[in-house]
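Chains as they are written, first to last, in this note's numbering: chain Z, 1 to 389; chain C, 1001 to 1389.
Okay, here's the thing in structure tokens:
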């Protein structure tokens, strides 16, 4: 199994992109990554796309060859494959692309993640998102995604004394970082008071505890590590990927305060990369709700169980602190085009490891991690990246 | 890159399975394959599922962890990944699973394909299938899938003198084979006259030129070839996989009488396996319409372009003739649960190469091929299998 590197990154601005179609955002992110890698279309051997629900958001399945076509790669009969795992679609597309290069089936592979969520109304969008949970035992009884996460938050507060202010601290930090990211959906800071006073979505989660619906796309170019220096001076090595699953429905889980799939996926990733949580300088974690971000930093081993909230409150996850969490602004402030998230996380980490993150640059970053979740934790994928190779 | 073998196969009966849910058919096929391989749940490292449109057929995305959960594998936090490429979803799930084993990321992998199409009405099902074509430039103008294939048939008749009777011969042969397959949706032979007299769907294609809507699931167990003899006396080697894409819309193609993606995917597969079309004893080709089957046997190089129709008419593709095509009954008679097709094709080929196909057994079969198409040819995947290893 050969080593794999990222040699190109690209992304669109995230937000409510009324004036752009799914195809257009796919093209925009893809071409930026290809240009960034300094390769030509004919150099590309395969395309992978992470996308959750194009069938329901835009009435179009089979979107991988669609994007390949519109990017101009159909004439070379490019193999194109779509991966779906709800919110983890992008991360799993990356891991499949990684295996395609590692196995020597392909050499240069483009990985995209894209979702166009604002072509349907908000109620319909929430229905579609809820199909990431168990339709027959959760969604059909009216369990929304926010409702399921509210139950997790309530239990976490009960078990560990996590406070409403600590939940809010996750959103405040994300907005502080997002304000420094030109491509973020929300580029303004918010105060703790604003988060606490926001309308309640599902108690204890308020409007500012929930990541938005977004349009957006992101893309990466991978190649064998040995070939990477031919294309870029700053290749970033994919040190490992770890994937794990869990029971589909929240009520079947061993403990709703821990995402076991995160624990298992994280352990696999740390083991294969031969590093520990202490070696990680920055991480993009899946904060679709404020509570999810707290679970993530605990379950990945950055902080003990129950200490995630205090760590946030004490600023230990802020930019250039103990560990820089969600420098991009995370799902909350950067945006949440659901199937694109995992790829966008990797774009941010690679940008940081190349030292190109401008005002939000993490100093002396060597190892970065991405953590991408589908549903309420039935799919989790963790990647570890190494810069300076 | 290490060699990969199939050590277990399983499938449901195909048909209108009113009394079974998506979960139930997924469980049934999966458990049969696991039992056939003689492994235990804890031996499994990952699950891949091919599925086209669960989001629209059953209002449920994120179906890979759902199936893992219902098969009883959630407690071991099994990584589960869904692949979507319209009709080629199953074949691409197989190729991703193959790469996962070849790259040494996973050892024992289960691949499933499943689709439940009859929970929606026929019109809605046709709308969903049409989302495999280009929504903005084909489907939205009323181009149905049958209509697009009718245009291919018309042009093929014009260019090569292919006759209505030759198209019909594909369906007649499929039904003859399907009658020998206990799991086929249609287990009766049909006459040439019946095909010719059937109601017209899209001229020149009649009702019996079109594969049905079906429910069904199929599954395979893969492991490294070196380990295969520990599990089975008759492992089947995956000699190669070749994938290719093409323009999404039919009107953008170089030549609608040739599926370039089939030509390219086939050439890749033959090259990697170091065999030629003449070495192949049997093939399962993607006959969603009778014309598709003719294109396939030409584009894979079994017959010259334009000679597919005559070859069918002369019985050169019948069971135990020059090359045995669609011994399962193909999509026409065995059934077409769209995302399951590619996996089901592989189940049939492996069964044949193990010498377990009973009344429809191909004698002395050594090499078998599967050919799986998404859309009108924007995604194609070809696998070559070798028995007696």
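Where a beta carbon is used, it is the ideal one built from N, C-alpha and C, also for glycine. Just so you know, these numbers come straight off a predicted model, no measurement behind them.
Which residues in chain C have a C-beta closer than 9 Å to the C-beta of residue i? List them in chain order.
i	result
residue 83/Z	1081, 1082, 1083, 1084 and 1096
residue 104/Z	1001, 1102 and 1103
residue 69/Z	1134, 1245, 1246, 1247, 1248, 1249, 1252 and 1378
Quick check on residue i - is its C-beta less than 8 Å from some C-beta in chain C?
i	result
residue 56/Z	yes
residue 245/Z	yes
residue 74/Z	yes
residue 45/Z	no
Would you mind giving the Cβ-Cβ distance between residue i and residue j, rounded to the nearest angstrom? I have them listed as a contact below 8 Å.
i	j	result
residue 1336/C	residue 1372/C	Contact doesn't hold; Cβ gap of about 12 Å is too wide.
residue 1067/C	residue 1088/C	Not really, about 19 Å apart at Cβ, beyond 8 Å.
residue 207/Z	residue 201/Z	6 Å
residue 10/Z	residue 218/Z	7 Å
residue 1063/C	residue 1077/C	In fact, because the Cβ distance is near 17 Å, the residues do not count as touching under 8 Å.
residue 61/Z	residue 1146/C	About 17 Å separates the two Cβ atoms, so there is no contact after all.
In chain Z, which residues lie with their C-beta within 7 Å of the C-beta of residue i?
i	result
residue 1024/C	The contacting residues do not exist; residue 1024/C stays about 11 Å from chain Z at best.
residue 1120/C	Residues of chain Z passing the Cβ test: none, with the nearest at roughly 13 Å.
residue 1264/C	77
So, for residue i: in the same chain, excluding its five sequence neighbours on each side, which residues have a beta-carbon less than 6 Å away from its beta-carbon?
i	result
residue 302/Z	277 and 323
residue 1085/C	1092, 1374 and 1379
residue 1027/C	1070 and 1071
residue 399/Z	Residue 399/Z lies beyond the range of chain Z shown here (1 to 389); nothing can be said about it.
residue 330/Z	174 and 287
residue 1038/C	1231
residue 332/Z	171, 174, 211 and 287
residue 1008/C	1033, 1036, 1037 and 1221
residue 169/Z	312 and 313
residue 306/Z	160
Quick check: is the beta carbon of residue i nearer than 8 Å to any beta carbon in chain Z?
i	result
residue 1062/C	yes
residue 1126/C	no
residue 1052/C	yes
residue 1019/C	no
residue 1092/C	yes
residue 1240/C	no
residue 1131/C	yes
residue 1099/C	yes
Which residues in chain Z sit within 8 Å of residue i, going by Cβ to Cβ distance?
i	result
residue 1375/C	62 and 65
Which chain C residues are close to residue i, counting only those with a beta carbon under 8 Å from its beta carbon?
i	result
residue 135/Z	1058, 1059 and 1060
residue 261/Z	1077
Could you work out which residues of chain C lie near residue i, taking near to mean beta carbons separated by less than 7 Å?
i	result
residue 215/Z	Per Cβ cutoff of 7 Å: no residues; residue 215/Z is ~17 Å from chain C at best.
residue 110/Z	Result: empty, since nearest Cβ-Cβ is about 13 Å, beyond 7 Å.
For residue i, which residues in the same chain have their Cβ closer than 8 Å to its Cβ, ignoring the five residues on either side in sequence?
i	result
residue 2/Z	101, 102, 104, 224, 225 and 226
residue 1190/C	1171, 1172, 1175 and 1208
Short of 7 Å in beta carbon distance, which residues of its chain neighbour residue i, apart from the five on each side in sequence? Order them along the chain.
i	result
residue 97/Z	48, 109, 111 and 222
residue 1154/C	1204
Segment contact flag, the region 1108-1124 of chain C with the region 1210-1224 of chain C, C-beta cutoff 8 Å, min 3 pairs:
yes
The region 167-185 of chain Z contacting the region 132-142 of chain Z, beta-carbon criterion three pairs below 8 Å:
Contact between the region 167-185 of chain Z and the region 132-142 of chain Z is absent, because fewer than three Cβ pairs lie under 8 Å.
Answer yes if the region 232-240 of chain Z comes into contact with the region 264-284 of chain Z, meaning at least three C-beta pairs across the two stretches below 8 Å, and no otherwise.
Taking a cut-off of 8 Å for Cβ pairs, the region 264-284 of chain Z and the region 232-240 of chain Z touch, as three or more such pairs fall below it.
State whether the region 1244-1262 of chain C contacts the region 1294-1301 of chain C, with contact taken as three or more CB pairs (one from each stretch) at a distance under 8 Å.
yes
With three or more beta-carbon pairs closer than 8 Å as the criterion, would you say the region 245-256 of chain Z touches the region 15-34 of chain Z?
no
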